[in-house]
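Chains as they are written, first to last, in this note's numbering: chain C, 35 to 343; chain G, 35 to 343. These notes concern the structure reproduced below.
Below, the structure is given as structure tokens:
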């Protein structure tokens with residue numbers, strides 16, 4: 035049997051997406067279900083099985099040689115389990131074993147969603163051709179992944195690059211993770227919106243109080259909205275600079291909903307990065323927006339499956 | 035010719051050490067000169083040549099197959115140049131080419147001193163058997179290096195793991211590097227002493243106002259001395275936790291003069307680390323004192339030379 039395809043699963047708190055993917059990263063067959071995130075473990079697994087079932091019903095399924103999973107974290111790649119923060123029913127859930135069984139015994143690779151996004155950007159996106167990269171997903175949370183020496187490096191647990199929970203403010207606000215001053219607590223979309231509201235920004239007539247609405251105000255010159263993005267950019271810059279200092283990076287790629295703010299985020303981000311990434315070997319460091327969009331999770335999960343070969 | 039040895043050079047702001055090293059990491063022949071750090075580039079290189087000359091005069095020299103250099107940083111491993119902060123006469127100094135010439139054409143490997151110490155601790159010391167490690171040198175400055183996936187990873191520039199200049203306090207005090215709130219600005223020996231003095235600690239009759247003297251006071255129960263070490267431990271913990279979160283580490287090994295404070299540093303360090311390293315995949319993270327002592331630089335430089343083979 036010629037197995038030139040892989041199956042990919044992208045598992046998040048909102049949706050479970052699947053695809054059959056070829057060696058060029060093209061998504062040939064797709065399936066999707068909402069994540070029943072408030073229900074029990076088997077209900078969530080039932081949705082995964084439905085997505086897999088739809089892929090298995092495709093005449094192309096016989097060409098799938100392995101399965102790659104990118105999952106909301108934390109994941110435990112060594113144990114093959116996942117405990118997504120936003121899916122309370124899954125704690126140390128043996129996802130690899132269950133998918134292996136449903137998928138008729140195919141090999142299964144598991145990585146965190148930040149690592150999957152990074153693999154996608156490195157394979158076909160903004161980090162292509164860079165041997166040492168950090169890719170960030172800045173949205174409801176802040177995740178990420180690393181490429182080192184030309185290869186995505188998920189680490190033994192599958193979570194490496196999780197920049198949202200490094201402290202850049204050691205005396206700062208407590209974070210739900212238990213630490214203080216984490217990047218996510220300053221730079222995530224909800225925190226950009228919260229800080230703007232706390233400092234007097236008010237949503238427009240449509241009542242939209244998200245970070246995207248704050249970005250619209252910032253673009254119109256609202257100083258409170260601008261300041262909230264600048265503070266997010268400062269925290270991201272400190273985190274990116276720390277990662278670049280530690281890992282000797284060439285590029286940081288920033289995606290996720292907050293990156294959709296464009297120059298409102300990237301102009302202060304590049305400025306702050308010059309302030310924090312000061313060592314001579316970081317002169318080459320560049321920042322670029324992510325380009326893979328919402329398919330990054332599936333493409334990255336496919337890359338993880340291909341790496342199994 | 036059977037080349038079962040390597041030559042190792044450890045270049046710092048105070049001394050230039052050299053050795054012939056066998057495949058077990060034993061130092062068979064040693065040589066050393068003070069670093070004429072205030073003199074010009076050729077005077078410093080003259081001392082390197084003298085150290086090499088002494089090694090080359092040994093009957094064992096013919097068995098040396100390559101040369102490894104661990105140098106005070108920053109280094110540029112790709113260009114083969116060094117610019118040690120404490121040796122102003124060397125800026126982008128072509129050390130690899132010069133040593134290659136002096137050493138009769140042997141291949142030369144160059145890494146930063148933090149990377150060299152890390153290679154030594156991983157080869158024969160406290161990080162032995164750990165596949166993912168950060169090793170720190172906490173003394174006048176704060177340096178470090180990484181082991182990832184079982185191999186020391188100096189990064190393309192040779193400086194990866196340089197934890198002293200990551201910001202853990204994004205609004206903190208300006209650092210000579212240009213950034214703010216760097217680990218080194220809080221946790222280095224001189225900063226431990228400065229903070230104690232600023233808060234009312236006074237040296238004893240011998241006038242010793244170093245971090246080592248502060249440690250003696252802390253061991254005797256002086257609350258200001260204890261607090262200064264606790265603050266250093268907190269900054270080191272935030273930096274170690276950040277590195278572990280990003281790189282998915284098994285162990286952090288702490289050496290350098292400040293680590294000589296023993297429990298005065300390690301007890302608050304382990305406590306603070308539990309506060310900052312909170313994610314589930316960091317549960318396995320341990321901290322250990324370095325064990326390789328002052329020969330770590332030479333042993334690590336030898337490891338870099340052996341890796342050339």
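From the three backbone atoms N, C-alpha and C, an ideal C-beta is built for every residue, glycine too.
Please confirm whether residue 178 of chain G and residue 200 of chain G have their CB atoms less than 7 angstroms apart.
no
Can you name the residues that DSSP bridges to residue 169 of chain C?
C:179, C:287
Would you mind reading off the limits of the alpha helix (DSSP H) that contains residue 265 of chain G?
Looking at the DSSP string, the run of the alpha helix (DSSP H) that includes residue 265 of chain G is 257 to 281.
Tell me where the alpha helix (DSSP H) around residue 148 of chain C begins and ends.
147 to 158
What is the rounded straight-line gap between the Cα of residue 243 of chain C and the Cα of residue 236 of chain C?
Cα-Cα distance, rounded: 8 angstroms.
How would you list, in chain order, the residues of chain G whose beta-carbon sits under 7 angstroms from the beta-carbon of residue 279 of chain C?
Among the residues of chain G, those whose CB is under 7 angstroms from the CB of residue 279 of chain C are 196, 199, 200, following chain order.
Can you list, in chain order, the residues of its chain whose CB lies under 6 angstroms from that of residue 334 of chain G, leaving out five sequence neighbours each side?
104, 150, 151, 153, 154
Quick one: Cα of residue 216 of chain C to Cα of residue 203 of chain C, how far?
7 angstroms
Terminal residues of the alpha helix (DSSP H) in which residue 301 of chain G lies
297 to 310
Which full runs of the alpha helix (DSSP H) of 4+ residues lie inside the region 50 to 92 of chain G, going along the chain?
75 to 90
Tell me which residues of the region 146 to 176 of chain C have at least one Cβ-Cβ distance to chain G shorter than 9 angstroms, keeping chain order.
Listed in chain order, the positions of the region 146 to 176 of chain C with a beta carbon within less than 9 angstroms of a beta carbon of chain G are 165, 166, 168.
Nearest neighbour of residue 345 of chain G, chosen from G:135, G:145, G:97, G:139 [CA to CA]
It is not possible to answer for residue 345 of chain G, since the shown part of chain G is limited to 35 through 343.
Coil, strand or helix - residue 251 of chain C by DSSP:
Of the three classes helix, strand and coil, the one that applies to residue 251 of chain C here is helix, per DSSP.
Output yes if chain G places a C-beta closer than 7 angstroms to the C-beta of residue 115 of chain C; else output no.
no
Assign residue 186 of chain C to one of three DSSP states: helix, strand, or coil.
In this structure, DSSP gives residue 186 of chain C an extended state, which the three-state scheme calls strand.
Buried or exposed, going by whether 16 or more other CB atoms sit within 10 Å of the CB of residue 163 of chain C?
exposed
Which bits of chain C does residue 263 of chain G rub up against, with CB to CB less than 9 angstroms?
Ordered by position in chain C, no residue passes the 9 angstroms Cβ test against residue 263 of chain G, which lies about 15 angstroms from the chain.
Kindly say whether residue 312 of chain C, judged by its beta-carbon, lies nearer than 7 angstroms to any beta-carbon of chain G.
yes
Contacts around residue 322 of chain G, its chain only, beta-carbon distance under 7 angstroms, and the 5 residues preceding and following it disregarded:
160, 285, 287
Grab the span of the beta strand (DSSP E) containing residue 45 of chain C for me, first residue to last.
39 to 45
So, with DSSP's three-state summary, where would you put residue 343 of chain G?
coil
What does the Cβ neighbour count give for residue 86 of chain G, buried or exposed, with the cut at 16 atoms within 10 Å?
buried
Going by beta carbon distance, what residues of the same chain come within less than 8 angstroms of residue 73 of chain G, once the five residues before and after it are set aside?
123
For a test of the three-state rule: what should DSSP assign to residue 323 of chain C, helix, strand or coil?
strand
In the structure shown, what three-state DSSP assignment does residue 194 of chain C receive?
coil
Under 8 angstroms: do the region 258 to 269 of chain G and the region 217 to 225 of chain G share three or more Cβ pairs, one atom per stretch?
yes
Is the beta carbon of residue 106 of chain G sitting closer than 7 angstroms to the one on residue 47 of chain G?
yes
For residue 309 of chain G, go through chain C and note every residue whose CB falls closer than 8 angstroms to its CB, in chain order.
212, 213, 214
Are residue 226 of chain G and residue 248 of chain G close, meaning C-beta to C-beta below 7 angstroms?
In contact: residue 226 of chain G and residue 248 of chain G (Cβ atoms closer than 7 angstroms).
Got a sec: which bits of the region 117 to 140 of chain C sit with their beta carbon under 8 angstroms from any beta carbon on chain G, in order along the chain?
Those would be 117, in chain order.
Rounded straight-line distance, which links the Cα of residue 328 of chain C to that of residue 76 of chain C
Looking at the two C-alpha atoms, the distance is approximately 26 angstroms.
Who are the near neighbours of residue 40 of chain C in its chain, counting only those whose CB is closer than 8 angstroms to its CB and skipping five residues on each side?
54, 55, 98, 99, 100, 101, 102, 336, 339, 340
Residue 240 of chain C, DSSP secondary structure in three states
coil
contact_flag[the region 304 to 312 of chain C, the region 252 to 259 of chain C] where n(CB pairs < 8 angstroms) is 3 or more
no
Can you find a CB in chain C that lies within less than 7 angstroms of the CB of residue 353 of chain G?
Lying before the first or after the last residue shown, residue 353 of chain G is absent from chain G, which here runs from 35 to 343.
Is residue 231 of chain G helix, strand or coil by DSSP?
helix
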